[in-house]
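K.L.:
Residues 27 to 436 (our numbering) make up the sequence shown, in order.
Here a beta-carbon is modelled for each residue, glycine too, at the ideal position from N, C-alpha and C.
Starting off with a structure, shown below.
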Amino acid sequence: MSQGVSHATGETRAAGETLTAEALMVPYVDLVSDAAEQAPAGCPMAAAPDEVAEDILYYWDYLHLDALLSAQTPKSAERGGLVHDEIFFITVHQTYELWFKQILVELDSVMTIMSEETVAERELRTVLARLQRINEIQRLMVAQMGVLETLTPLDFLDFRALLLPASGFQSVQFRLIENKFGLLERDRVKVEGHNYAATLRGDHAALVSMSERAPSLFDYVERWLARAPFLHADEFDFIARYRQAATEMHAAGRAKIAGNQNLDAQTRDTQLAAFERSLRKFEAVFDRETWEEDVREGTRRFSHEAFTAALFINLYRDEPMLHMPFLILTALVDIDEQLTLWRERHALMAHRMLGRLTGTAGSGYAYLDETAKRYTPFKDLFDVSTYLLPHSALPPLPSALFDRRELALL
Ligand code: HEM
27 MSQGVSHATG ETRAAGETLT AEALMVPYVD LVSDAAEQAP AGCPMAAAPD EVAEDILYYW
87 DYLHLDALLS AQTPKSAERG GLVHDEIFFI TVHQTYELWF KQILVELDSV MTIMSEETVA
147 ERELRTVLAR LQRINEIQRL MVAQMGVLET LTPLDFLDFR ALLLPASGFQ SVQFRLIENK
207 FGLLERDRVK VEGHNYAATL RGDHAALVSM SERAPSLFDY VERWLARAPF LHADEFDFIA
267 RYRQAATEMH AAGRAKIAGN QNLDAQTRDT QLAAFERSLR KFEAVFDRET WEEDVREGTR
327 RFSHEAFTAA LFINLYRDEP MLHMPFLILT ALVDIDEQLT LWRERHALMA HRMLGRLTGT
387 AGSGYAYLDE TAKRYTPFKD LFDVSTYLLP HSALPPLPSA LFDRRELALL
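This is the structure:
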């Protein structure tokens with residue numbers, strides 16, 4: 027006969043004996059009241075009055091700890107034998123969901139600001155601070171995988187079957203983050219041909235579908251970049267000046283390979299051919315039609331205007347007026363990168379936990395790994411580096427460009 031050890035009492039229980047959520051709470055509550063009884067008078071732990079006056083805010087009540095700390099109810103306990111690690115497993119998931127919620131709060135506020143017709147510099151500071159907060163939370167989320175990995179695959183097996191068919195695949199908040207950030211349905215990896223929302227409860231599926239159709243942070247950022255006034259300034263044709271500088275730089279690069287006496291003829295030809303191939307990537311920036319074809323094929327996502335603005339901001343980021351937009355673009359790349367790192371870390375964790383078995387939603391390591399490779403809504407911002415020029419080759423900007431008031435209202 028299988029037996030369970032109650033962590034509340036240390037007593038062994040026969041299988042089938044139900045352990046209630048209240049019983050699970052006992053040790054911690056006991057601990058608090060024992061400490062209070064033994065504490066010397068004057069110590070903050072000394073017994074407090076049973077009732078706290080209603081108008082005095084009490085820490086425990088403010089944080090709704092009654093609800094929060096009694097929300098860990100292991101299935102193994104209900105089924106007759108508490109498995110110690112299941113409480114840990116639930117706590118780790120709940121912690122993630124709390125952080126997901128905070129990310130959504132920050133994302134929503136950033137999107138509200140970015141949805142305005144003009145975004146003043148003061149507001150850009152708020153946007154940056156909130157994007158950076160999201161990024162710090164994400165770093166914690168990646169590191170937290172290490173905490174989860176203290177659960178060994180063998181111990182996971184003791185309760186894994188009880189979780190079926192629930193899966194992180196059904197994390198509604200995670201889907202909302204993905205959609206609000208800008209992941210498109212068409213770019214998602216299908217699990218056995220099914221839509222990612224197929225296993226969600228009706229109200230959750232509706233919420234996720236609504237977030238799919240609403241403008242995303244990607245859409246707002248693209249619109250914000252595309253209306254940047256410097257791209258249409260009479261006094262400075264950015265693309266023409268940039269093209270000239272890039273052509274001069276490339277001519278110097280080509281001449282350097284051609285004149286390298288240390289290379290034999292065949293190596294020189296191979297290097298020159300590779301050089302010319304890499305230059306072709308530049309052409310799309312100069313030619314809107316080529317760019318739009320790339321967008322149609324799905325290799326790029328930003329509009330031509332938005333991308334050239336992002337390039338301009340990156341090239342001239344030291345101009346005080348462009349510094350804040352530059353930091354915002356950097357924060358977006360950081361968020362995309364951390365989300366990818368989370369996906370990779372989660373995929374590796376799932377691999378070591380399950381091996382080649384599928385997860386509770388029917389997919390496994392290969393699927394998770396594929397999502398890490400493909401899901402980068404802001405990949406165009408990563409690609410900006412292809413087109414950077416060294417400081418020495420940058421065309422100088424006319425000072426009149428930065429006198430224009432509307433630059434402060436990007
Ligand atoms: C023992 C721990 C875990 C294992 C073995 C595991 C395994 C898996 C597997 C195999 C999938 C693919 C779908 C499926 O077949 O179920 C998945 C999806 C997912 N899991 Fe986990 N997971 C674990 C912990 C977590 C935690 C702590 C979170 C945080 C909330 C999480 C969030 C997710 C999310 C959001 C997805 C959907 C990913 C996507 O579709 O791109 N998982 N998990």
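Ends of the alpha helix (DSSP H) at Phe333?
P.N.:
Run containing Phe333: His330 to Leu341, per the alpha helix (DSSP H) assignment.
K.L.:
Check whether the Cβ of Ser193 lies closer than 8 Å to any heavy atom of the ligand HEM, and answer yes or no.
P.N.:
Yes, Cβ of Ser193 sits closer than 8 Å to a heavy atom of the ligand HEM.
K.L.:
Measure the alpha-carbon distance for Pro424 versus Leu89 and round it to whole angstroms.
P.N.:
Cα-Cα distance, rounded: 55 Å.
K.L.:
On a CA-only basis, which of Arg105, Ile203, Gln98 and His119 is nearest Phe185? Give me that one, please.
P.N.:
If we check each option's Cα against that of Phe185, Arg105 comes out closest.
K.L.:
Select from Asp362, Ala392 and Leu348 the residue whose C-alpha is nearest the C-alpha of Leu438.
P.N.:
The structure shown does not extend to residue 438, since the chain is modelled only from 27 to 436, so the question has no answer here.
K.L.:
Give me the Cα-Cα distance between Thr117 and Leu202, rounded to the nearest whole angstrom.
P.N.:
Each residue's alpha carbon lies about 21 Å from the other.
K.L.:
On the DSSP bridge assignment, give the partners of Val217 in chain order.
P.N.:
DSSP lists His220 as partners of Val217.
K.L.:
Is it the case that the Cβ atoms of Lys206 and Ala240 are separated by a distance below 9 Å?
P.N.:
Going by C-beta atoms, Lys206 is nearer than 9 Å to Ala240.
K.L.:
Where does Leu423 fall in DSSP's three states?
P.N.:
Of the three classes helix, strand and coil, the one that applies to Leu423 here is coil, per DSSP.
K.L.:
Taking the alpha helix (DSSP H) that Asp344 falls in, what are its first and last residues?
P.N.:
Unbroken run through Asp344: none, as it is neither H nor E.
K.L.:
Using DSSP with H/G/I as helix, E/B as strand and the rest coil, what is Ala272?
P.N.:
Residue state, collapsed to three classes: helix.
K.L.:
Look at Leu414 and Leu337 and say whether their C-beta atoms are less than 9 Å apart.
P.N.:
Yes, Cβ-Cβ distance for Leu414 and Leu337 is below 9 Å.
K.L.:
Pull up the distance between the alpha-carbon of Val224 and that of Met167, whole angstroms please.
P.N.:
What sits at residue 224 in the sequence shown is Ala, not Val. Cα-Cα distance, rounded: 26 Å.
K.L.:
For a quick check, are the C-beta atoms of Leu407 and Leu365 less than 9 Å apart?
P.N.:
Not a contact, by the Cβ cut-off of 9 Å.
K.L.:
What alpha helix (DSSP H) runs, 4 residues minimum, are completely inside the stretch 112-189?
P.N.:
Whole alpha helix (DSSP H) segments, 4+ residues: 147-174 and 179-186.
K.L.:
When the Cα atoms are used, what is the spatial distance from Ser411 to Lys101?
P.N.:
Rounded to the nearest angstrom, the two C-alpha atoms are 50 Å apart.
K.L.:
Can you tell me the Cα-Cα spacing of Arg269 and Asp213, whole angstroms?
P.N.:
So the two alpha carbons sit approximately 32 Å from each other.
K.L.:
Are Ala373 and Ala332 touching if we call contact CB-CB under 9 Å?
P.N.:
Not in contact: Ala373 and Ala332 (Cβ atoms no closer than 9 Å).
K.L.:
Excluding five sequence neighbours on each side, which residues of the same chain lie with their C-beta closer than 7 Å to the C-beta of Thr138?
P.N.:
For Thr138, where only same-chain residues beyond five positions count, there are no Cβ hits under 7 Å.
K.L.:
Any contact between the stretch 377-389 and the stretch 186-196? By contact I mean 3 or more CB pairs, one from each, below 8 Å.
P.N.:
Short answer: they touch.
K.L.:
Assuming Asp362 and Thr402 form a contact by the criterion Cβ under 8 Å, report the distance between their Cβ atoms to the nearest whole angstrom.
P.N.:
Indeed, because the Cβ distance is near 5 Å, the residues count as touching under 8 Å.
K.L.:
Quick one: using the 10 Å Cβ neighbour count with 16 as the cut-off for buried, is Met236 buried or exposed?
P.N.:
Result: exposed.
K.L.:
Following the continuous alpha helix (DSSP H) through Ser389, name the residue where it begins and the one where it ends.
P.N.:
Element bounds for Ser389: n/a, residue is neither H nor E.
K.L.:
Quick check: Ile160 and Ile113, are their CB atoms within less than 9 Å of each other?
P.N.:
Going by C-beta atoms, Ile160 is not nearer than 9 Å to Ile113.
K.L.:
Between the C-alpha atoms of Ala426 and Val173, what's the straight-line distance to the nearest angstrom?
P.N.:
Their backbone Cα atoms lie some 55 Å apart in a straight line.
K.L.:
Tell me whether Tyr84 is buried or exposed, calling it buried when 16 or more other Cβ atoms sit within 10 Å of its Cβ.
P.N.:
The residue in question, Tyr84, is exposed, as its Cβ has fewer than 16 Cβ neighbours within 10 Å.
K.L.:
Taking 8 Å as the line, does the beta carbon of Val168 fall inside it for any heavy atom of the ligand HEM?
P.N.:
No, the Cβ of Val168 stays beyond 8 Å of every heavy atom of the ligand HEM.
K.L.:
Sorted by chain position, which residues of the same chain lie with C-beta nearer than 7 Å to Ile163's C-beta, five sequence neighbours on each side aside?
P.N.:
Trp125, Gln128 and Ile129, listed in sequence order.
K.L.:
Please state whether the Cβ-Cβ distance between Asp111 and Leu189 is less than 9 Å.
P.N.:
Not closer than 9 Å, so no.
K.L.:
Using a threshold of 8 Å, is the CB atom of Leu210 nearer than that to any non-hydrogen atom of the ligand HEM?
P.N.:
Result no, Cβ not under 8 Å from the ligand HEM.
K.L.:
Which value, in whole angstroms, describes the spacing of the CA atoms of Leu50 and Leu183?
P.N.:
Reliability fails at Leu50, whose pLDDT of 46 lies under 50, so the model's placement of it is uncertain and the value that follows must be treated cautiously. Between Leu50 and Leu183, the C-alpha separation is close to 22 Å.
K.L.:
When the Cα atoms are used, what is the spatial distance from Leu91 to Phe200?
P.N.:
Each residue's Cα considered, the two are about 24 Å apart.
K.L.:
Please work out which residues of its chain come closer than 7 Å, Cβ to Cβ, to Thr152, disregarding the five sequence neighbours upstream and downstream, and give them in chain order.
P.N.:
Contacts found: Ile139.
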